[in-house]
Structure formats: structure tokens, C-alpha cells
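Residue numbers (UniProt numbering): 1 to 497.
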Ligand code: TNX
């Protein structure tokens with residue numbers, strides 16, 4: 001059993017002798033990739049030396065046990081011919097581990113980092129101080145099923161700052177996910193500086209239950225995107241409108257019907273706040289917020305919400321969808337909406353994020369796909385990692401049911417919406433809402449181990465998934481999570497070491 005999550009496309013185990021390394025020396029196409037690989041392998045217990053000759057045993061003193069073989073080469077090389085036979089997937093890679101060294105090949109840098117992540121998972125927890133890790137000899141050819149593999153993270157209901165966000169980037173990247181979608185605005189707070197609307201900062205210092213919170217300055221946001229981009233993770237910012245908008249109407253009374261600012265809100269109800277399409281202040285506000293967000297964002301997408309507007313007729317809602325999508329496109333980005341966006345006009349390429357089974361809407365979703373929309377699958381009963389694991393679980397909500405590890409694992413993205421063509425599925429995104437989650441440890445205990453399950457749904461072909469194998473591979477990752485200081489929920493569905 002190789003402890004890999006997500007499970008790769010093709011694994012050729014081998015009887016060849018394993019790799020035993022006191023230290024590794026990395027060769028990579030550029031210093032940035034070499035640095036990231038070094039960080040990963042060092043964290044796995046493979047110290048990295050620079051320079052020297054692989055044949056000379058100049059391993060550091062910490063690796064001084066008798067069985068140490070010295071310095072082994074890890075070569076990362078760009079190579080078009082890498083990956084599963086016949087694959088032209090841009091993320092494909094091949095990893096070869098042998099007694100005398102490691103070679104990773106991929107056509108793009110992202111694939112080389114995927115190979116390093118795989119290698120890192122193959123390195124077992126240290127057997128004891130100074131013992132050289134033994135890495136099984138193996139050849140892996142791999143490529144993901146979907147390109148959109150992500151996590152949606154609510155930093156409004158409880159504020160999680162830049163350090164927590166970077167920790168979440170590290171976690172999603174470890175499972176080879178590519179998207180971190182940040183839910184940045186909601187009724188309780190506003191979490192990102194909008195230079196043309198500096199007053200919004202006044203809505204940053206509130207969250208569920210009150211207490212001090214915060215927001216990202218443009219500089220924080222730039223740094224976060226840089227950190228994520230280095231790890232091939234794209235930040236997708238979400239400005240939720242025309243509902244979930246109380247933070248903005250608290251600051252700007254002119255956005256409301258009677259011109260008066262709303263009270264700040266620190267509860268967990270949804271659906272009560274709204275914008276008014278015919279209010280002359282509305283369109284300039286959307287233009288400022290979406291324009292600035294688009295200008296600040298490196299990635300291709302801006303999410304403009306659209307969920308749970310319970311106090312608006314569908315005609316007015318549709319005008320919001322049309323306008324927000326138009327502004328996003330005029331700003332050079334692609335719009336993403338929650339599934340409710342299908343109630344408005346959609347254009348080819350618009351992304352809709354499915355979250356809640358509403359049978360009566362399935363026809364609308366199929367029609368939207370016919371008009372060229374594509375779907376990101378985040379079904380609440382499988383991918384909402386803020387749901388309680390069990391009724392007794394101290395954290396989380398339960399409106400979509402209880403989501404145990406196996407529920408997060410056993411589902412098929414193309415079978416979620418009746419009648420939707422499999423081609424209309426763009427990918428898979430887990431989501432974690434933070435009404436009940438207040439600390440990084442609580443957050444990680446909701447994400448782990450379930451995020452690995454959703455990552456495997458997004459990466460691995462359905463015929464290669466296997467619940468029993470997944471349970472065992474999950475158990476095998478626990479020591480690395482402990483090492484990293486990543487809290488996880490010890491669900492009884494796994495036999496933890
Ligand atoms: C529904 S999912 C919401 C959020 C809540 C979440 C709690 C979605 C698009 N809207 O506003 O935080 O449920 O699970």
C-alpha cells in the first residue's frame with residue numbers, strides 16, 4: 001500500500017531495492033521550484049544539501065546512522081513526454097523512485113511540484129532520530145481528472161487572517177488542489193480593502209458572536225496571491241451580492257431602500273439582506289467593488305455570489321446576475337456564481353457552483369449548461385466540510401445532513417444533477433463555512449481528513465477509487481499531519497496509527 005492521496009492514474013510498484021537517503025540534492029529548472037521542493041522534502045525528513053557530488057557521501061551529521069547511503073539526487077526536469085500514456089493533460093507528471101535517486105518529469109512546472117508532493121507522501125514518518133527514511137521504489141504516471149479542484153473558505157463568519165490563509169494554501173496544495181476560493185463579504189463583515197470604497201473597512205471589525213475581526217489590505221491580498229501562486233494555487237475572490245450584503249448596507253445607507261444604514265449583524269441567519277436594482281447607488285457600487293477586485297486579482301475568475309436572496313423577485317434577481325456578469329467580463333475576468341445564477345441569463349463560459357439539491361432547479365441547470373455554463377460541484381451532503389461528522393460532533397451545522405469521511409469520498413460529480421451532461425462539469429470544490437468554527441485547529445479538524453476525500457473525487461478516475469484503500473491511505477498520512485501541526489478529526493471510520 002502506497003500512502004498517496006489523491007490516488008494516481010498509474011502506479012508501477014517494483015521489487016527493486018528502495019531508496020535510502022541521508023539527504024537529497026535537488027536539481028530543478030529554476031531556484032523557486034528547487035526551494036519549494038527543498039521545503040517539502042525537508043519537512044518529510046529528507047534534509048537537502050546544496051552543491052557537492054551525489055557520489056560523495058557528504059550527508060549532514062544528523063543522518064549519521066550506519067545504514068545511510070549519503071546524498072541522493074532528486075532531479076526535476078521539464079519533459080513533454082511525461083505522464084500517463086497518451087495524456088495531454090497540462091498537469092501530468094511522471095515520478096521514478098529508485099535506489100540511486102529520483103527523477104520527476106512533467107511538461108509544466110506545476111506537474112513537477114505535483115511529483116514532489118507525491119514523493120513527499122511516499123516518505124514514511126521517521127523511524128527514529130538519525131534513521132534514514134526508506135522510500136519504496138516505484139514509478140508513478142499521473143494526471144488529474146478535473147482542472148478545477150478547490151476549496152471555498154468563508155473568512156467572514158469568523159475572521160481568519162493571512163497566516164491562517166497561508167496555512168490553508170499549504171493544506172490544499174498538499175492534496176494537489178489548484179483553487180482557494182475566499183468568501184470575502186457577507187452580512188457580518190467585509191474582509192477586503194476596496195481602494196475606491198475605503199469606508200468598507202468600517203465593516204471589517206465584526207463577526208459571528210461579535211468580537212474583533214479584520215480584513216485584508218490590498219498589500220495582504222497581493223502577498224497571499226503570490227504565496228499561493230508559487231504553489232500553483234489560484235485565489236478566487238468572492239463578492240457576494242445581491243444578498244448576503246448587510247456589511248455593505250451597514251456602511252452605505254444609500255444602498256438601502258429607505259436610505260438608512262442597516263444595523264451590524266453578528267448572528268447566523270441567511271437570506272434577509274439585499275441590494276435594490278433600481279436604486280441609482282447600486283450600479284456604481286457594483287462597478288467599484290467588482291472593478292477593484294478584478295484589478296487586484298491575478299487569477300482569471302471573480303465570484304459574484306448570488307446565493308440565498310430570499311426577498312427578491314426572480315425578474316430583479318436576473319438583472320443583478322446579468323449586470324454583475326457583464327461587469328466581471330468588462331473587467332477582463334470570468335464570472336462565477338452560486339447555482340442560483342442559473343435563474344438569470346448565463347453566457348458561455350460562466351461558472352455555476354452547485355451546492356444544494358433542489359430538484360425543481362435541475363431543469364434550469366441543464367438549460368444553463370445548454371447555454372454554455374459550466375458547473376463546479378460542491379454538493380452540501382458530500383463536500384460541505386462545515387457539516388457535522390455525526391450528530392454528536394461539537395462543531396458544525398447539519399442542514400445538509402451529517403458528512404462523515406465516507407460521505408465525502410463516495411460520490412460522483414457527473415451524477416449530482418440529473419440530466420446534466422458530464423462535459424458540463426468543470427470540477428469539484430469543497431467548502432467550509434465558519435459560523436461555528438473559530439480557531440485554526442477547529443478549522444483543520446473539519447478539513448482533515450475530509451478534504452483528502454474530496455481531493456480524490458476531483459483527481460482520481462472513478463474506477464480507480466476504492467474506499468477501503470482510501471481509509472488505509474488516510475491513516476498512513478496522519479503522522480505527517482501531526483508533524484505539520486495540522487489538527488484532524490480522528491473519525492472512527494479510519495484505523496488511526
Ligand atoms: C449556505 S452555501 C450558504 C452559506 C452558509 C452555509 C452554511 C451557500 C451558497 N450559502 O451562507 O454559510 O450554507 O453551511
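All C-beta atoms in this analysis are idealised placements derived from N, C-alpha and C, irrespective of residue type, glycine included.
Using a threshold of 8 Å, state whether the C-beta atoms of residue i and residue j are closer than that.
i           : j           : result
residue 171 : residue 405 : no
residue 149 : residue 458 : yes
residue 361 : residue 342 : yes
residue 439 : residue 395 : no
residue 92  : residue 173 : no
residue 294 : residue 332 : yes
residue 336 : residue 310 : no
residue 74  : residue 26  : yes
residue 179 : residue 262 : no
residue 281 : residue 190 : no
residue 41  : residue 97  : no
residue 177 : residue 151 : yes
Considering Cα atoms alone, identify which of the options is closest to residue i.
i           : options          : result
residue 412 : 140, 456, 75, 36 : 456
residue 453 : 467, 279, 443    : 467
residue 139 : 213, 191, 16     : 16
residue 505 : 296, 352, 289    : This structure cannot speak to residue 505, because the chain is shown only from 1 to 497.
residue 95  : 2, 48, 76, 80    : 76
residue 124 : 115, 136, 351    : 136
residue 431 : 109, 451, 49     : 451
Can you tell me whether residue i sits near the ligand TNX, meaning its C-beta is under 7 Å from at least one heavy atom of the ligand?
i           : result
residue 386 : yes
residue 435 : yes
residue 416 : no
residue 407 : no
residue 308 : yes
residue 260 : no
residue 266 : no
residue 395 : no
residue 140 : no
residue 72  : no
residue 154 : yes
residue 159 : no
residue 75  : no
Could you give the C-beta distance for residue i and residue j, rounded to a whole number, given that I count them as a contact under 8 Å?
i           : j           : result
residue 434 : residue 141 : About 38 Å; that fails the 8 Å criterion.
residue 181 : residue 156 : With 8 Å as the limit, residue 181 and residue 156 do not qualify as a contact, their Cβ atoms being about 13 Å apart.
residue 299 : residue 321 : In fact, because the Cβ distance is near 21 Å, the residues do not count as touching under 8 Å.
residue 536 : residue 118 : Because residue 536 is not part of the residues shown, which for the chain are 1 to 497, the question remains open.
residue 4   : residue 121 : 5 Å
residue 397 : residue 386 : 6 Å
residue 238 : residue 217 : So it is not a contact: roughly 18 Å between Cβ atoms.
residue 449 : residue 488 : 6 Å
residue 10  : residue 84  : 5 Å
residue 264 : residue 243 : Actually they do not touch by this definition, with Cβ atoms about 17 Å apart.
Assign residue i to one of three DSSP states: helix, strand, or coil.
i           : result
residue 362 : helix
residue 12  : strand
residue 92  : coil
residue 53  : Annotation note: pLDDT 44 at residue 53 (below 50); position unreliable, no value reported.
residue 337 : strand
residue 423 : helix
residue 61  : Unreliable placement is indicated for residue 61, whose pLDDT of 42 sits below 50; no coordinate value is reported for it.
residue 479 : helix
residue 133 : coil
residue 20  : strand
residue 327 : helix
residue 104 : strand
residue 81  : coil
residue 497 : coil
residue 1   : coil
residue 75  : strand
residue 290 : helix
residue 332 : coil
residue 251 : helix
residue 490 : coil
residue 237 : strand
Could you confirm whether any beta carbon from chain D is found closer than 8 Å to the beta carbon of residue i?
i           : result
residue 258 : Absent from the structure is chain D; it holds one protein chain and no more.
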